[in-house]
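These notes are about the structure you will find just below.
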Amino acid sequence: MKRPRLKMRLGDLLVHEQIISEKELETALEKQRETGRKLGATLIDLGYITEQQLLEFLAQQLKLPLLSITERRIPPEAFKLLPEVQARRHRALVIEADDSEALVGMSDPADLSSIDAINQLLAPRQVELAVVPEGELLTAFDNLYRRTKEIETFASQLQDEYEETSEFELGQLSLDEEGEEATVAKLLQSVFEDAVQVRASDIHIEPDENKLRIRQRIDGVLQENVLDETNIANALVLRLKLMAGLDISERRLPQDGRFNMKIRKHNIDVRVSTMPTQYGESCVMRLLDQSAGLLSLEQTGMPDNILKRVRSLIKRPHGMLLVTGPTGSGKTTTLYGALSELNTEAKKVITVEDPVEYRLPRISQVQVNNKIGLDFARVLRTTLRQDPDIIMVGEMRDHETVEIGLRGSITGHLVLSTLHTNDAITSAMRLIDMGAPSYLVAAALRGILAQRLVRRVCEKCEQSYQPDDAEQQWLEHLLEGSSKFEFKHGVGCQNCNHTGYHGRIGVFELLEMNGEMMDALRDNDTRAFAHAAKKHPGYQSMASVALEYARQGVTTVEEVLFLAESVEDNI
Numbered sequence: 396m397k398r399p400r401l402k403m404r405l406g407d408l409l410v411h412e413q414i415i416s417e418k419e420l421e422t423a424l425e426k427q428r429e430t431g432r433k434l435g436a437t438l439i440d441l442g443y444i445t446e447q448q449l450l451e452f453l454a455q456q457l458k459l460p461l462l463s464i465t466e467r468r469i470p471p472e473a474f475k476l477l478p479e480v481q482a483r484r485h486r487a488l489v490i491e492a493d494d495s496e497a498l499v500g501m502s503d504p505a506d507l508s509s510i511d512a513i514n515q516l517l518a519p520r521q522v523e524l525a526v527v528p529e530g531e532l533l534t535a536f537d538n539l540y541r542r543t544k545e546i547e548t549f550a551s552q553l554q555d556e557y558e559e560t561s562e563f564e565l566g567q568l569s570l571d572e573e574g575e576e577a578t579v580a581k582l583l584q585s586v587f588e589d590a591v592q593v594r595a596s597d598i599h600i601e602p603d604e605n606k607l608r609i610r611q612r613i614d615g616v617l618q619e620n621v622l623d624e625t626n627i628a629n630a631l632v633l634r635l636k637l638m639a640g641l642d643i644s645e646r647r648l649p650q651d652g653r654f655n656m657k658i659r660k661h662n663i664d665v666r667v668s669t670m671p672t673q674y675g676e677s678c679v680m681r682l683l684d685q686s687a688g689l690l691s692l693e694q695t696g697m698p699d700n701i702l703k704r705v706r707s708l709i710k711r712p713h714g715m716l717l718v719t720g721p722t723g724s725g726k727t728t729t730l731y732g733a734l735s736e737l738n739t740e741a742k743k744v745i746t747v748e749d750p751v752e753y754r755l756p757r758i759s760q761v762q763v764n765n766k767i768g769l770d771f772a773r774v775l776r777t778t779l780r781q782d783p784d785i786i787m788v789g790e791m792r793d794h795e796t797v798e799i800g801l802r803g804s805i806t807g808h809l810v811l812s813t814l815h816t817n818d819a820i821t822s823a824m825r826l827i828d829m830g831a832p833s834y835l836v837a838a839a840l841r842g843i844l845a846q847r848l849v850r851r852v853c854e855k856c857e858q859s860y861q862p863d864d865a866e867q868q869w870l871e872h873l874l875e876g877s878s879k880f881e882f883k884h885g886v887g888c889q890n891c892n893h894t895g896y897h898g899r900i901g902v903f904e905l906l907e908m909n910g911e912m913m914d915a916l917r918d919n920d921t922r923a924f925a926h927a928a929k930k931h932p933g934y935q936s937m938a939s940v941a942l943e944y945a946r947q948g949v950t951t952v953e954e955v956l957f958l959a960e961s962v963e964d965n966i
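This is the structure:
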C-alpha cells in the first residue's frame, strides 16, 4: 500500500486552511508538550476543532473514505487479524478482509509508524485505509474483542490438566498461582473481565450433562457461552468458594458469600450463591460496581411528577414507604437514592439489610446473619431502641418483621422497605395477607412505589418503527390515534452488540394513600381498595408510564407489551 501522507504537518495545514489560528496552534502545541497526547486530540480537547471537522479534513487531504462502523457487522475473521493489544495501540480495526486485501479503519491515518506496523501485521494482504471516529473504534474494541476465545482456550487447557480424573481433588487446590490453579485463576479473570466489559449484572456458571454453560445477564437478558469442558466446573466453583470464604468441603447444601475484586479500574463487589444440581454445583454471582457510585433519585429515570411526590413522602417525619417489584427491578437502588438525600447530620439513619450492598458514611448499617439468630425482626426490635429518625429495612419477609416495621412507623419513625409484589395496588393487601392487622396497615402506610426496568433503545442505531398488526391493535385499544405516533427501535450496532438495546430505565407507579383507601384497608376490602386507588388523581399505572416512554422513543413497544403482561395490566 502506498502510504497516504499530508503535504504539510497537520497543525500547519489546519492554519493554512484557516480552520485554526496561529495562536491556537501555539497553545495546542504547548499543551501537547505537557500531556504527550497527539495534536489532533489536543485541538479537540481545547475546543478549537470538533472531531468530525478533523476527520473530514484528514479524509479530504489524504483522499480516504470517512466511514461510520456503528451499524456494521464486522466478521470475526476480519477484526481478529489484528490482536486486541495492537488494535488499541494503533487505534485501528480491520473492517473487511479476504486473502489478498484488508480494509482498515483508523482514527489517525496520518500516523505513519502505526501504518507501517499494521502493514507488517497484515502482510501479505494489501491494506486499504479508511477514517473512522475514535469513539466508534473504542466502542467496537470493547464489543468485538470479547474474551470468549480466551475463556474457551483456558477451559480447554484446564480440561487437559484434569483429564486423568473426573473429580477435582481438594488436595490439589493450592493458593499458589502455579500449574492448574493458575489456569483456574486466569479463566475466572477472563470471565470477570468479559462481564465487566459488557456491563453484565450477573454471571451464571451452570454444569450440564455434557456442557458447561457460562451465562451473563446484560440489560436484564441472559446471553450464553457454551463450553464442552464439563470436568472444570468443580475447579471453578471451588476457587470461587475459597474467594468468598465458603466451606469448600460442603457440596450438598446451598451457600452464600461475597468478595471484592478490582477489574479494569472498577471496584466490583461480587455476591456468590452456590446450589447443588443434578450435574454438580451451580454458581450465580451478582456484580455490584462500587466505583460507579450511588444513583440519585433523578438518575433512576423517575419522571418529575413522581419524583416530586416521592421526595414529599420521604421528608415526612413518620410513616412507611414501600418500594415494590420483582428481584432485579432496582428497588435497592431507589432506596439508596432516597437514603443519600436523607443522610444529614441532623438525622439518625439505621439500615437492616441482607446483604449490605453499598457502604454509606454516617449511616449505621446492620448485616443480617440468620446463622446466629440475627434476623430482621431481632435487629429491628433493637433498632427501635437506638433512637433512630429513619429506618430502612432491606425486605419485609415475614409477619414479625412487617408488624415491627409498621408499629415503628406510627411511633415517630420514617420506615423505608421493599416488598416482592407485582404492582402498587396489590402491595397493601399483601401486608394484610402476611398477618399484619388491617387497622395497623391503614394507619402506617403512606405510599407505595412499584417499579420495573425496561431496556432503552440504543441511541446509536435507533430508527423509526411501524408496529406490526398485533401491536397496532393493542395500541389502538389504549391510545386513540396511536397510528399517528412515531415509535423507535434499534436495528443493532456495535454499541449495543447488535441487540438494539443499550442500558435500562426505571418505570415507576406511585400510589399515595388517602382516606378512601385507608377505609378499604381497615375493612380488608380488596375490590374497594383497588377501585379507590385507580380513582386517585395522581395514580398512573406502570404500563401507561412505559407506554409514554415508547411514545418518546426511549423504549420499544415490545418492551411495553412485555411489562404490561408481567403485571397483568391492561392500563
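All residue numbers for the sequence shown refer to the working numbering, where the first residue is 396 and numbers rise by one. We treat Cβ as the ideally placed atom computed from N, Cα and C, and that holds for glycine.
Tell me the DSSP secondary structure of residue i in three-state form.
i      : result
Ser759 : strand
Ile799 : helix
Glu645 : coil
Ile634 : The amino acid at residue 634 is misidentified as Ile; the sequence shows Arg. Note: Arg634 maps to helix in three-state DSSP.
Thr719 : strand
Gly948 : coil
Gly406 : helix
Val747 : strand
Gly910 : helix
Val962 : coil
Arg792 : coil
Gln846 : strand
Leu689 : coil
Gln868 : helix
Gly435 : helix
Gln694 : helix
Arg754 : coil
Gln584 : helix
Glu412 : coil
Can you tell which of the options has the C-alpha that lies nearest to the C-alpha of residue i?
i      : options                           : result
Ile900 : Ala505, Gly615, Arg706 and Asp589 : Gly615
Arg486 : Asn909, Pro470, Val526 and His411 : Val526
Lys883 : Ser936, Glu871 and Cys853         : Cys853
Arg847 : Met638, Glu943 and Met937         : Met937
Val679 : Ser596, Asp770, Glu790 and Val718 : Ser596
Thr950 : Gln858, Leu498, Asp537 and Arg792 : Gln858
Glu645 : Leu477, Thr728, Gly675 and Glu866 : Gly675
Leu844 : Gly933, Gln889 and Ala865         : Gly933
Thr728 : Leu690, Val797 and Phe880         : Leu690
Lys604 : Ser677, Asp651 and Glu472         : Sequence inspection shows Glu at residue 604; the Lys mentioned does not correspond to that position. Closest option to Glu604, Cα to Cα, is Ser677.
Gly720 : Leu958, Ile464, Ser463 and Glu466 : Leu958
Tyr731 : Ala454, Gln760, Arg634 and Lys703 : Gln760
Val579 : Ala630, Leu942 and Glu479         : Ala630
Glu795 : Val774, Leu811 and Ile786         : Val774
Val621 : Arg594, Asn655, Val586 and Gln592 : Val586
Ala971 : Ile663, Cys888, Gly725 and Ser502 : Residue 971 cannot be examined here, being either before or after the span of the chain that is shown, 396 to 966.
Ile627 : Glu601, Trp869 and Leu449         : Glu601
Let's see if you can read the secondary structure: which residues bound the alpha helix (DSSP H) around residue i?
i      : result
Ile827 : Ala819 to Asp828
Ser833 : Ser833 to Ala839
Asn700 : Asp699 to Ile709
Thr729 : Lys726 to Leu737
Gln774 : The sequence given here has Val at residue 774, not Gln. From DSSP, the alpha helix (DSSP H) with Val774 extends over Phe771 to Thr778.
Pro767 : The sequence as given places Ile at residue 767; Pro does not occur at that position. From DSSP, Ile767 is part of no alpha helix (DSSP H); its letter is neither H nor E.
Leu922 : Per the sequence shown, residue 922 should be read as Arg rather than Leu. Start and end: Thr921 to Lys930.
Thr445 : Segment: none, Thr445 is in no alpha helix (DSSP H) and carries neither H nor E.
Using the DSSP secondary-structure output, state which residues sit across from residue i in a beta bridge.
i      : result
Ser668 : Asp651 and Val679
Tyr896 : Val852
Ala595 : Ile613
Lys657 : Asn662
Asp623 : Note: Asp623 sits in no beta bridge, so no partner.
Ile785 : Val744 and Leu809
Phe536 : Answer is none; Phe536 lacks a bridge partner.
Asp684 : Ile663
Ile600 : Ile609 and Cys678
Gly714 : Leu809
At a threshold of 7 Å, does residue i count as lining the ligand ATP (C-beta to nearest heavy atom)?
i      : result
Ser686 : Questions concerning the ligand ATP fall outside what the structure shown contains, since it holds no ligand whatsoever.
Quick one: give me the first and last residue of the beta strand (DSSP E) that residue i is part of.
i      : result
Leu811 : Leu809 to Leu814
Gln427 : It is not in any beta strand (DSSP E) - Gln427 instead sits in the alpha helix (DSSP H) that spans Glu417 to Thr430.
Tyr860 : Glu857 to Tyr860
His884 : Phe882 to Gly885
**Message:** Suppose only complete runs of 4+ residues qualify. What are the alpha helix (DSSP H) ranges in the region 455-531, listed by chain order?
**Reply:** 471-474, 479-485 and 507-517
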